[in-house]
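Structure record follows, encoded as structure tokens.
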Amino acid sequence: IEDSSAPIVNEAGELLGAVLVFHDVTEQRRLSGEVAYRASHDALTGLVNRVEFESRLRRLLAHAREFEDQHALLYIDLDQFKLVNDACGHSVGDELLKQVGRLLKEAVRASDTVARLGGDEFAVLLEACPAERAKRVAQQICDHMEEFRFLHDGRRFRIGTSIGLVNFSAQWPGVEAILQA
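Just so we're aligned, residue 1 is where the sequence shown starts under UniProt numbering, counting upward by one.
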């Protein structure tokens, strides 16, 4: 609730009273939050989108420079996605992307960032994560994907992953260098 007030005065400037106005801004705030969410999240999977991912990566690199932390980025590309998409249709491919997004979210800490960068490309930011732990997380994701079978109309699809791992800390010159590594 937002409020405002204005005095009521007579010609002599004496205060006679006040006008109070109260305005319910619940819907306005809800809509504002929804717009902000849609601007930073992938519409299909609900994961962070590329723009928000790069913003978080920038903040994490600045944090690494200030506190000399080590972080990691996992770049994940799905193998066999095109086969499912072409054989079963885009709506089925979309369902596969949603399921993979959920699998990735379950494989990392709540404080880590999982993003869909576009198409069948995903990324994970592992905050305050030494190299050895990042390797274990990448291997766990590979193992989960190895066990994962996507089912559609009685057909089972094995979807593999290719994962690139970049450990980064204060020495990295910028976000672009990390993304190109």
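All C-beta atoms in this analysis are idealised placements derived from N, C-alpha and C, irrespective of residue type, glycine included.
When the Cα atoms are used, Thr161 and Ala115 turn out to be separated by approximately 15 Å. His71 is positioned such that its CB atom lies no closer than 8 Å to that of Leu117.
In the structure shown, Arg149 adopts extended strand secondary structure according to DSSP, grouped into three states.
As a beta-bridge residue in DSSP terms, Arg158 pairs with Arg149. One thing to note: Leu44 has its Cβ no nearer than 8 Å to the Cβ of Lys82.
Within the UniProt domain "GGDEF" (69-181), the complete beta strand (DSSP E) segments of 3 residues or longer fall at 71-79, 113-118, 121-126, 149-152, 155-158 and 160-168, listed in chain order.
Take Val48, set aside five residues on each side of it, and the residues of its chain with a beta-carbon closer than 8 Å to its own are Ser40, His41, Asp42, Arg56, Thr113, Val114, Ala115 and Arg116, in chain order.
A Cβ-Cβ distance of about 5 Å is found for the pair Leu16 and Ile8, placing them in contact under the 8 Å criterion. Between Ile178 and Phe122, the C-beta spacing is not below 8 Å. Taking C-beta atoms under 8 Å as the contact rule, Phe150 and Ile159 qualify, at a distance of about 6 Å. DSSP lists His41 and Ala115 as the beta-bridge partner residues of Val48. Just measuring C-alpha positions, the residue of Glu2, Asp79, Val51 and His90 sitting nearest Ala36 is Val51.
For Leu20, the pairing in a beta bridge is given by DSSP as Ser5.
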